[in-house]
Amino acid sequence: MSSLALTTLATLAAAFVATTATGPLGAIDLPAVDLDRLVPRAPPGFEARVVTPDGREERRVRSREPLRAPPEAFPPAFLAAVLAAEDQRFPDHPGIDPLAALSALLDTAAGDMRGGSTITQQMVKNLAVGSAPTLGRKLAEAVLAVRAHAAYAPRDILAAYLASAWFGRGTTGAAAAAAAWFDRPWSELTLAETAFLAGLLKGAGHLDPDRAPDLARARRDYVLDRLAADGRADPAAIAAARASPLAVAPPRPETLDPWIARTVAAELAERARAGDGLPFEVPTLVATIDPVWQAIASEALAARLNALAPPGPAGRVPPELLAVLGSDPARAPPAALEALREAAARVLLASPAAPRAVLLRRLAQGAAWEVLLDRGLGLPVPATLPATDLPAAYWPLPGDILAVRATGGVAGLRAVPALQGAAVVLDPRTGAILAAVGGHDAQASAFNRALALRQPGSSIKAFLYLAALAAGEPFDAAITDQPIRFPGAGGASWQPQNYGGGHYGRMPLYSALERSSNIAAVRLADRIGIEAMAAMAEAAGVYPAGGMTRNLVAALGASEVTLVALTAGYGALVTGGLARPPSALRPDPRLPGPPAPVRRIADPEAVWDVLAMLRGVVVRGTAAGAFAGHPVAVAGKTGTSQDHRDAWFVGIVPGLAVGVWVGRDDYRPMAAGMTGGVAAAPVVARILAEAHARGLVGPEGMAGALPPGAWPPPLLAPGRRSPAPAFPPLPAAPGPALAAAGGPGGGNGIGLAGLPAAAAGGPLR
Amino acid sequence: MKGRRPRAGAGGRGRGLALAASSALALALAATPAPTAAAAATDDLGPAARAALAAAGWTAAEAAAGGLVLARAGLEIRALRARGRPGAAGGVGLRLEHVEAGAAAGAPARGRLTARRLYLGDVAALDLARAADPARPCGGAPPQPVSASFWDLDLEADSDALPAALAGPERLTAARLTVTLQAEPWRGGCRYDLLADLEEVRLAAVGGSEARIGRLVLRLSGAPGALAPVTVALTADELDLRLPGGAPLARAGRLTLAFAGDGAATGALAATDPWGALGRARLRGEAAAAGLATAAAPWLDAAPPGPAAGADAIHPVAGDLRLALELAGGRLAVAVAADLGGLARVDAALEATLGGPGAAAPAGLALPPALAGAALRAARLAWADRGLDGLVTARSGRGLAAHLAAAETAALARAPAAARPLLARLTAPAVAFLAGGVAGPVEARLAPARPVTLPALLRTLLLAPGGLARRFGLAAAP
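Written out as structure tokens, the structure is:
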């Protein structure tokens, strides 16, 4: 039938539906999605297999958007097979194909059940309208398919379809399908394997050869037959492909620490946004994160969080939801179970490997509870679980939401920490992130707090003081912390307060930083100008260019940062003033973006003075309690945001920067006294103590980072400082620039424009 | 149609009608001045019309650029001139010149309507708050029919996910539209009867194709809710379908569509199991086209050209077409009648029963229970060639019989080897029957003594194919 006549009829029908059913008089709501951003301007997405440096752990890492490739990136046989099996008349029909629908109906009646949707309709279904089996959805799908056909080139539609199609094994998008099923790139697939992947479009779930080998092979052979019938492949090749066995690769293990995978995923997303996307084929990339450092950081963080606040329930479902369940949860209405599942899911994730449970009633005998167990799939089911591992201080009650974890093969109830935290370890010489722990339990919460934006509090002051020294302020210049009032907007005024409310009076700059005086910091920022501090913090990578708020409050850490960016910024101090963007991936030529820039942020003498001040923080300042008797000579800075919402500590030794954040996800204040020195500094102390015990770090830091005996810097005294040692040059650029965070607090992309003038050529002392 | 009192309907259309009703009321008032004429503000509303507007919750203000702006939350109507007129049943009518109606700033737009002139029978119909008040009888809808007439109407679909440039072509224009709405209490709610009468309609679609209709009458009756009964009737006279670029595709003297369904039928629209819902539904539908006229060429692929492709362009197809469907108590009756000169004459009918929820599909057929348990009660197919064979021969050099035989061979080759004998038993008589119609009228009837289900059909085919004709009461006659 003439495609023109068919197009006319189909588009007139769609126009009638559009003007009468979806227009001012309409009853059908078209989905509020921007197909422009999903079809021609869709983000490229990425997918990679990430392995640890020792090659023992690996996991697939991908973007939320599927890996996308132009149709011509696939073998021609694959495209031919897709068209032959799914939509032979594409793109000659107007987006919908009544003939194909009729043919599908007849074939279904004859026992060959198949759909009659065009590739355009399937694309619209995947991207916009979903698959609810209602006529209203089908009408909306048809209208959008006709419009999409008129709006977009067939190439774009086919690309969007292939990118949005489900191929099984956790894979959306054809680009990653070859790696998922055959562990090889598309270019190495045989005709039979290509036909198998095209056949999966009919339903990857029931065509999985691991579960239904006969069905999978029959489908592959059907696709090959369609190729032969359409004359799109050599008959001899078709015959050989039919005769070949269907052998898929076994699924690859997913053993890599989830926090490593999430950190790498965030970095790849940033690279994909900044560059031209990742390679079409799924590359294997090596993470910089070391499993040993990761384990040390993870254990230290968990131990401190458990010690700071006794674990308990993640939350509690409302009593009225429990009441609806009745006495027999096995017979509870599905709607009630669904409501309970939703309530629990808001506070605690669940998966088959890490379920959650809602307590119903304690059993009469033994420490066990009847619970509703939720594995993240389907509705929760009744179960009985032991409570022997719950802490003694926690008194469980019906409705409590707890984690379920296995110990020695036996699943039991586990309490959830009341506080959250994150820890980052990186090598500032290369920018390599050695550990990135995004929370207490990766199974319970996917939110990566190492990349979350939070207020740094006083931990930002190091860059204020460095900016002051770089601008010519002597290390022992006098400053007072007597109260001062600054004019605010609308006639109001602002009066900064010291933590604890006291005042020290006049003191040298280094004392002001060691004591973390807020008033002195604001006076200093006012003296040198907040712009100078912002330029320094941005040059160090703590903020992206222009990312720090130009306001005196920012001198006290009101402008949010990520832990990764802040830690990397501190790393630039211990290299003698050379900033290198952090990365969780080893250099790889397939990664887009320019080589990572190494930038000098200040002269080594000014940096050395700040390092001496930060050493004073640990020896006689706000972090002294956490590091008394510590085997490693650490310098660092505490930070506590307003009302104890965030507690920070970043510790540095030559060749290493370790940052820790503690707080709550919902920004509620922690208990009084939960300062950076109390909550976060002990985690850094434990990480470095454990690393020292394992021989990973010496008393003076990493071997070779500074000449022996150069570290630590002597404590400052009035008129007494030591000259800076000879900081070794940094190794060659390790690879492309990378992102420290996805948000405005990200520390990547430090441009020369962000370099403070004083830092580039300030007075040397 | 203005002033015509609508017939009391017996059904409802559900949410669609609710939107249609409210939109019609709202849009009937809206207007933005479209003209390029000097915008000398003319406000002849008069105190009675102003009072009526205020009572209905609308503000009337002079526009800075001239003209009048009527507004209420979420809606805005602009008109270059406005005049109060005596309305229906002693109310106040409203006449607006050069109007544009749409959503006010910040409100989610669902479309745009412009008209050169609008006459509203009664300003009170604009009282949307009263219409939406469930405490009032029938939601406060006006007891009398409300009518609005538009001249030189231009209706555009809402902008949606696609680029704004695409929303433009999907447009309906009409020289005149009269909308009459009757509302009356029904089961604690309200039932509506909407009549839309349009003249000189043009429906433009994406890609440039177009439908021109001399007169279009649409009637909707129903109540809000997915499970409310509904009746829909549409009549289009002097229908003219055009290809992109304006070339004619087809014409019809009259096209009619009619549908009536109960709550189960309308609920099937949003049901996740529409077949199951239809098994419980009562519905009746009919579509007919009289005076169809088209040419074969636009319907045939241009390439590859047949040996006598020139004949396509002068191969006219003309006649009448009718399709009827009725479903009640799970019993389905379908009838198709077509008499198209230049193509074929077809007369077909089928009676069947949809299955219940307990019906199981045969192995390998993932059919919903309503289809899996479907049973054939009777069927009839008669057809005679009226030019189809000649057309096929002209294009391809082979007649219809040869094409059918080739298609059968290809289908058998595609089928799995084990299924070929079974498929051959199905295709061979069908091909012979269809080919036989070229020689003259042929007819086949199926009249089984008892309804035959799909599993029973398969069993008979597999186990006793020789008894097929007897089991189905198959009879064929030239």
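Chains as they are written, first to last, in our numbering: chain B, 351 to 1115; chain D, 16 to 493.
Even for Gly, the Cβ is constructed at its ideal location relative to N, Cα and C.
Contacts of residue i in chain B (Cβ-Cβ under 7 Å)
{"i": "Glu185/D", "result": "Ala365, Ala368, Thr369"}
{"i": "Leu264/D", "result": "Ala355, Thr358"}
{"i": "Leu256/D", "result": "Thr358, Leu362"}
Residue closest to residue i, alpha-carbon to alpha-carbon, out of the options
{"i": "Ala79/D", "options": "Val114/D, Arg93/D, Gly72/D", "result": "Arg93/D"}
{"i": "Pro1062/B", "options": "Val1008/B, Pro1004/B, Trp609/B", "result": "Pro1004/B"}
{"i": "Ala275/D", "options": "Arg227/D, Gly117/D, Ala302/D, Leu231/D", "result": "Ala302/D"}
{"i": "Trp719/B", "options": "Arg725/B, Pro732/B, Ala619/B", "result": "Pro732/B"}
{"i": "Trp643/B", "options": "Asp777/B, Gln770/B, Gly676/B", "result": "Asp777/B"}
{"i": "Thr484/B", "options": "Gly455/D, Glu458/D, Trp290/D, Val114/D", "result": "Trp290/D"}
{"i": "Ala528/B", "options": "Ala423/B, Leu577/B, Glu604/B", "result": "Ala423/B"}
{"i": "Leu109/D", "options": "Leu85/D, Leu391/D, Gly388/D", "result": "Leu85/D"}
{"i": "Leu752/B", "options": "Ala796/B, Arg712/B, Gly789/B, Pro705/B", "result": "Pro705/B"}
{"i": "Ser1139/B", "options": "His853/B, Ile880/B, Arg877/B, Gly879/B", "result": "Limits of chain B in this structure are 351 at one end and 1115 at the other, which puts residue 1139/B out of reach."}
{"i": "His556/B", "options": "Leu574/B, Gly518/B, Ala530/B, Ala548/B", "result": "Gly518/B"}
{"i": "Asp876/B", "options": "Val400/B, Ala1074/B, Arg835/B", "result": "Arg835/B"}
{"i": "Leu427/D", "options": "Leu209/D, Thr442/D, Pro239/D, His418/D", "result": "Thr442/D"}
{"i": "Ala591/B", "options": "Leu675/B, Trp609/B, Leu606/B, Tyr572/B", "result": "Tyr572/B"}
{"i": "Arg582/B", "options": "Ala686/B, Ala427/B, Thr734/B", "result": "Ala427/B"}
{"i": "Asp437/B", "options": "Gln472/B, Arg936/B, Ile1002/B", "result": "Gln472/B"}
{"i": "Thr540/B", "options": "Ala524/B, Pro595/B, Val775/B, Gly520/B", "result": "Pro595/B"}
{"i": "Ala492/D", "options": "Ala312/D, Gly223/D, Ala459/D, Glu199/D", "result": "Ala459/D"}
{"i": "Ala490/B", "options": "Ala545/B, Ala365/B, Val1033/B", "result": "Ala365/B"}
Beta-bridge pairing of residue i - partner residues as DSSP gives them
{"i": "Trp166/D", "result": "Arg132/D, Arg191/D"}
{"i": "Asp208/D", "result": "Gln197/D, Ser236/D"}
{"i": "Leu735/B", "result": "Trp719/B"}
{"i": "Gln770/B", "result": "Gly1013/B"}
{"i": "Phe836/B", "result": "Trp844/B"}
{"i": "Leu83/D", "result": "Glu77/D, Ala94/D"}
{"i": "Arg950/B", "result": "Leu928/B"}
{"i": "Arg1116/B", "result": "Given that chain B is displayed from residue 351 to residue 1115, the structure contains no residue 1116/B and the question cannot be resolved."}
{"i": "Ser933/B", "result": "Ala782/B"}
Same chain, Cβ closer than 6 Å to residue i, neighbours up to 5 away in sequence not counted
{"i": "Leu218/D", "result": "Leu187, Ala226"}
{"i": "Pro846/B", "result": "Asn868, Ile869, Val872"}
{"i": "Ala680/B", "result": "Pro732"}
{"i": "Thr271/D", "result": "Thr250, Ala303"}
Contacts around residue i, its chain only, beta-carbon distance under 7 Å, and the 5 residues preceding and following it disregarded
{"i": "Gly966/B", "result": "Tyr860, Glu864, Leu1065, Leu1066"}
{"i": "Met963/B", "result": "Tyr815, Tyr860, Leu863, Glu864, Leu1066"}
{"i": "Leu406/D", "result": "Ala311, His330"}
Within chain B, partners of residue i - CB distance below 9 Å
{"i": "Pro259/D", "result": "Leu354, Thr357, Thr358, Thr361"}
Proximal chain B residues relative to residue i, where beta-carbon distance stays under 8 Å
{"i": "Pro494/D", "result": "Outside the shown range of chain D (16 to 493) lies residue 494/D, about which nothing can therefore be said."}
{"i": "Gly193/D", "result": "Correcting the residue identity first, residue 193/D is Thr in this sequence and not Gly. Within 8 Å Cβ-Cβ: nothing; Thr193/D doesn't reach chain B, min ~14 Å."}
{"i": "Leu284/D", "result": "Thr484, Leu485, Gly486"}
{"i": "Arg429/D", "result": "Asp575, Ala579"}
{"i": "Ser236/D", "result": "Chain B residues near Ser236/D: none, gap ~15 Å exceeds 8 Å."}
{"i": "Leu513/D", "result": "Here chain D has residues from 16 to 493 only, and residue 513/D is not among them."}
Contact list for residue i against chain D, beta-carbon separation under 8 Å
{"i": "Leu449/B", "result": "The premise fails here: Leu449/B is roughly 11 Å from chain D at the closest Cβ pair, so nothing lies under 8 Å."}
Contact set between residue i and chain D, taken where Cβ atoms lie within less than 7 Å
{"i": "Ala482/B", "result": "Thr287"}
Chain-ordered chain D contacts of residue i [CB-CB under 9 Å]
{"i": "Ala591/B", "result": "Per Cβ cutoff of 9 Å: no residues; Ala591/B is ~17 Å from chain D at best."}
{"i": "Ala435/B", "result": "By Cβ distance, chain D contributes nothing, its closest Cβ being about 13 Å from Ala435/B, past 9 Å."}
Cβ-based neighbour list, residue i, same chain, cut-off 8 Å, excluding 5 preceding and 5 following
{"i": "Ala1039/B", "result": "His980, Pro981, Val982"}
Item checked: Whole beta strand (DSSP E) elements within the region 671-730 of chain B, 3-residue minimum -> 706-712, 718-724
Next item on the list: For the region 1025-1083 of chain B, list the alpha helix (DSSP H) runs that are entirely contained and at least 4 residues long, ordered along the chain.
Entry: 1031-1043
Checklist line | Complete runs of the beta strand (DSSP E) confined to the region 400-478 of chain B [at least 3 residues] | finding: 408-412
Next item on the list: Any chance you could list the alpha helix (DSSP H) runs of at least 4 consecutive residues sitting entirely within the region 382-443 of chain D, in chain order?
Entry: 384-387, 403-411, 415-429
Margin query: Runs of 3 residues minimum, wholly inside the region 768-828 of chain B: which ones carry the beta strand (DSSP E) assignment?
Written below: 770-777, 782-787
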